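All remarks here apply to the structure that follows.
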Amino acid sequence: GKADLDKEVIAPAIKTGKIYSYKTFEYVKDMGTPDRLKAVENDIKSGIVSKKHKKHTQKAVFLDRDGTVNIHKGYITKPCEIELIDGVCEAINKLHSLGFLVIIATNQPVIARGECTIEELTEIHNRIETLLGENGAFIDGIYYCPHHPDSGFPNEIKELKIKCDCRKPQPGLLLKAQKDFNIDLEKSYMVGDSLRDVEAGINAKCTPVFLGEKTAEALPEKTPAFSSLKEFAESLEN
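Quick note: the sequence shown uses my numbering, first residue 37, plus one each step.
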């Protein structure tokens, strides 16, 4: 007979305190209505479900955070400062519909500078995910570098004032995500509004994409440039 996963399995398990959850990029869909069931059946027939298995390599679009996903307001240290750029939710949904994982890769030197704690940064990222979710969008992961190479800030955390391999333009954040998600970097993109984002993509062997005016920074020749994430996402349909 019919079963209710929430009422008959999850809710009783929560009461016992013996329940475990984890985040996955693999295929998970609610199919509790005839239309949803039909959509899942179609995904099975088309091979979408199989392709999302972790044993298969995935393609991804890596996104810088400030100036790409949310409006650039200098160093953000509070969740209330987050404001999504117009069209970002539609762009992310478009990228997912084209089979890409969508992953944020961001330098956050505010941690090393002592201007924001890791807990506060988590709240900021939770705010981003909440705003995306309210508009029917989601991201598959957020990777950040907490380091900063220069000293001299009043409240700096000395152990984080180092030269690392994860601060863009170094490729460490992308390489970490590659391991976690089994990503084919050569089929992936790094999108951002600065030269360091472009260079991080090149260093990770992704296709780099610049958002903004090409003349803003001295970019490598033939770097693709778009005015917005939405424009870039739409270009992949063609």
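C-beta: ideal position from N, C-alpha, C; glycine also. Source: prediction; values computed, not measured.
Mind checking who residue i pairs with in its DSSP beta bridge?
i	result
Phe246	Gly228, Ala261
Leu120	Asn106
Please tell me whether residue i and residue j are closer than 8 Å, where the distance is taken between their beta carbons.
i	j	result
Val97	Tyr225	yes
Ala236	Pro190	no
Lys241	Glu270	no
Thr113	Val146	yes
Arg4	Lys65	As displayed, the chain neither begins before 37 nor continues past 274, which places residue 4 out of reach and without an answer.
Phe136	Lys91	no
Glu249	Leu231	no
Asn218	Thr52	no
Asn129	Ala75	no
Val227	Leu265	yes
Would you give the residue range spanned by the alpha helix (DSSP H) that residue i belongs to?
i	result
Gly169	154 to 170
Cys125	124 to 133
Phe61	From DSSP, Phe61 is part of no alpha helix (DSSP H); its letter is neither H nor E.
Ile84	84 to 87
Gly208	208 to 217
Ile178	Taken as a continuous stretch (DSSP letters only), Ile178 belongs to no alpha helix (DSSP H), being part of the beta strand (DSSP E) at 177 to 181.
Lys51	47 to 52
Where do the N-terminal and C-terminal ends of the beta strand (DSSP E) with residue i fall, by residue?
i	result
Thr104	Per DSSP, Thr104 belongs to no beta strand (DSSP E) and is neither H nor E.
Phe136	136 to 143
Phe98	95 to 99
Residue i: which of the options sits nearest, CA to CA?
i	options	result
Asp176	Glu165, Ile139, Glu192, His184	Ile139
Lys38	Pro48, Ile55, Thr69, Asp79	Thr69
Glu62	Lys74, Ile128, Asp100, His89	His89
Arg203	Glu77, Asn129, Tyr180, Thr158	Tyr180
Lys258	Asp220, Phe246, Lys194	Phe246
Thr142	Lys215, Val234, Leu272	Val234
Arg149	Ala213, Val45, Leu99, Ile198	Ile198
Leu167	Leu41, Glu155, Ile178, Ile118	Ile118
His161	Lys74, Leu120, Asp229	Leu120
Arg163	Lys74, Pro182, Cys116, Pro207	Cys116
His108	Gln144, Val85, Leu134	Gln144
Asp100	Asp229, Glu156, Asn274, Gly169	Asp229
Is there a Cβ of chain C sitting closer than 8 Å to that of residue i, yes or no?
i	result
Glu77	The structure shown contains no chain C; it is built from a single protein chain.
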